[in-house]
Amino acid sequence: MSEHVVQSPLPGIFYTKPSPDQPPFVEVGSVVTADTTVGLVEVMKQFAEVKAGVNGTVTEIHAENESIIGPGDGILTVEKG
Numbered sequence: 001m002s003e004h005v006v007q008s009p010l011p012g013i014f015y016t017k018p019s020p021d022q023p024p025f026v027e028v029g030s031v032v033t034a035d036t037t038v039g040l041v042e043v044m045k046q047f048a049e050v051k052a053g054v055n056g057t058v059t060e061i062h063a064e065n066e067s068i069i070g071p072g073d074g075i076l077t078v079e080k081g
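At position 80 of the sequence shown the residue is numbered 80 (the UniProt record's numbering), and the sequence of numbers has no breaks.
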């Protein structure tokens with residue numbers, strides 16, 4: 001198996017969940033498809049969904065909720081499978 005690091009497409013604030021009172025989009029151990037939303041990046045009050053991009057299992061989450069990230073920063077790692 002190989003690993004894929006999902007990277008931020010934009011600079012901004014990263015959110016792990018759709019709203020403060022909702023559970024995270026994914027957690028370590030979550031099975032994802034290429035189209036699974038793994039988080040949101042907010043730029044100037046606009047929200048962009050971040051997709052997993054591959055099928056597999058989330059093995060590590062690098063970015064914390066409400067952290068500032070830049071383009072290309074690693075958000076999480078997916079073991080392809």
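All C-beta atoms, glycine included, are put in the ideal place defined by N, C-alpha and C.
Residue i, buried or exposed, once every other Cβ within 10 Å from all chains shown has been counted against 16
i, result
"Ile68", "exposed"
"Gly81", "exposed"
"Gly12", "buried"
"Ala63", "buried"
"Ser2", "exposed"
"Gly70", "exposed"
Three-state secondary structure (DSSP) of residue i
i, result
"Lys17", "coil"
"His4", "strand"
"Glu66", "coil"
"Thr33", "coil"
"Val58", "strand"
Residue interval of the beta strand (DSSP E) (run including residue i)
i, result
"Lys80", "74-80"
"Ala48", "46-51"
"Thr37", "37-43"
"Glu27", "Segment: none, Glu27 is in no beta strand (DSSP E) and carries neither H nor E."
Anticipated Cβ contact below 8 Å, residue i with residue j, distance rounded
i, j, result
"Lys17", "Pro24", "5 Å"
"Gln7", "Gly74", "6 Å"
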